[in-house]
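Report on the following structure.
There are 2 protein chains.
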Amino acid sequence: MGRSKTALFTPSQNELADLARALAHPARVAILQYLANSQSCINGTLVQELSLAQSTISQHLQELKELGLIRGTIDGASVNYCLDIPRWREVQQYFQAFFEQISEIKTGDLCCD
Amino acid sequence: MGRSKTALFTPSQNELADLARALAHPARVAILQYLANSQSCINGTLVQELSLAQSTISQHLQELKELGLIRGTIDGASVNYCLDIPRWREVQQYFQAFFEQISEIKTGDLCCD
DNA sequence: ATAATTGATCGTAATATTACGATATAATTG
DNA sequence: CAATTATATCGTAATATTACGATCAATTAT
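Those protein sequences? They're chains A and B, same order as listed.
Straight run, no breaks: the first sequence in the numbering used here ends on number 113.
Straight run, no breaks: the second sequence in the numbering used here ends on number 226.
Here you go:
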């Protein structure tokens, strides 16, 4: 974030920004969609699906994991990644609240219309 | 984006990622909230509101403008910034579609529960 | 016309992200 | 046990973002 200024903003603003950052890369969007559609959600499968290096995908997975959006459970030599559904609903709420807050505004209220 | 790989992803994935990137900084979240709540939405007011340099805020405003999320109309020496409501609804739809796509999945479908 | 105000743009430093190959770790197979 | 497979982590280069001061362009006020 350049020289970091997170302290200037509310926890809620920082939280939304963090969640948005999770979706702010097409590879992570693709990963989430793939996990949503697939029963066999393992890292290896993703490497074939997206054409990115294994280490790159692992890195993206870690980021999603840190934000709690996905969970990984060890299954022998491989890892089963899947969406964390409860957390996901929470995130959806967060975005929805933001969007509602914004679109509450009636067109007539705006200064430049 | 490091070495850019946008060509690997669908237009839809890239579009969502771009929109998410717009929200991926607390200053921009704050700007959008402020514009939503305020009738007097001018750049100068924002500089007092957020404590960031004028040039920094201008930069954030340009980013939001490029994505069509806000519009600026010149009003004498100053500029009136406001949300682009129609575009905003479009964006909301975009996110909503994504969230619905994700949460269509029933818990039982997942491999690691 | 000059000065003051407003906002955009430029240049640049600090920092963060993205991507990859190489290597490490852990489980599985032969 | 050695080889293989699956994933994580490290190191690092390329690129992008964030932030600021300085400056420019336009408008308004004196």
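The beta-carbon is built from N, C-alpha and C at its ideal position, and this holds for glycine as well.
Cβ neighbours of residue i in the same chain (closer than 7 angstroms, five flanking residues each side left out)
i, result
"residue 80/A", "41, 42, 72 and 73"
"residue 50/A", "27, 30 and 57"
"residue 136/B", "142"
"residue 195/B", "148, 154, 183 and 184"
"residue 47/A", "54 and 57"
"residue 18/A", "67"
Nearest to residue i (by Cα), restricted to the options the options
i, options, result
"residue 211/B", "12/A, 19/A, 86/A and 92/A", "92/A"
"residue 190/B", "133/B, 157/B, 215/B and 138/B", "157/B"
"residue 165/B", "103/A, 46/A and 2/A", "2/A"
"residue 104/A", "213/B, 214/B, 209/B and 202/B", "202/B"
"residue 84/A", "209/B, 198/B and 215/B", "215/B"
"residue 12/A", "161/B, 151/B and 146/B", "146/B"
"residue 100/A", "123/B, 167/B and 150/B", "150/B"
Cβ neighbours of residue i in the same chain (closer than 8 angstroms, five flanking residues each side left out)
i, result
"residue 200/B", "181 and 182"
"residue 128/B", "207"
"residue 138/B", "173"
Own chain, CB closer than 6 angstroms to residue i, minus 5 neighbours either side, in chain order
i, result
"residue 109/A", "Reliability of the predicted coordinates at residue 109/A is poor, the pLDDT of 48 falling under 50, and no value is obtained from them."
"residue 209/B", "none"
Near the ligand ZN: residue i beta-carbon under 7 angstroms from a heavy atom
i, result
"residue 104/A", "This structure does not include the ligand ZN; it has no bound ligands of any sort."
Subject >> Residues in the stretch 63 to 89 of chain A having any Cβ partner in chain B nearer than 8 angstroms >> reply: 71, 72, 73, 75, 80, 81, 82, 83, 85, 88 and 89
Subject >> Contact the stretch 117 to 128 of chain B vs the stretch 172 to 186 of chain B: 3+ CB pairs below 8 angstroms >> reply: no
Original post:
In the stretch 10 to 25 of chain A, which residues sit with their C-beta less than 7 angstroms from some C-beta in chain B, listed in chain order?
Top reply: 13, 14, 16, 17, 20, 21, 23, 24 and 25
Subject >> Interface positions of the stretch 40 to 53 of chain A facing chain B (Cβ-Cβ less than 9 angstroms), listed along the chain >> reply: 40, 41, 42, 50, 51 and 52
Subject >> Where the stretch 140 to 151 of chain B meets chain A: residues whose CB sits under 9 angstroms from a CB there >> reply: 140, 141, 142, 143, 145, 146, 148, 149, 150 and 151
Original post:
Fully enclosed by the stretch 114 to 157 of chain B, which alpha helix (DSSP H) runs are 4 residues long or longer?
Top reply: 124 to 135 and 139 to 150
**OP:** Could you tell me which uninterrupted alpha helix (DSSP H) segments, each at least 4 residues in length, are contained entirely in the stretch 149 to 198 of chain B, listed from first to last along the chain?
**Re:** 156 to 162 and 167 to 179
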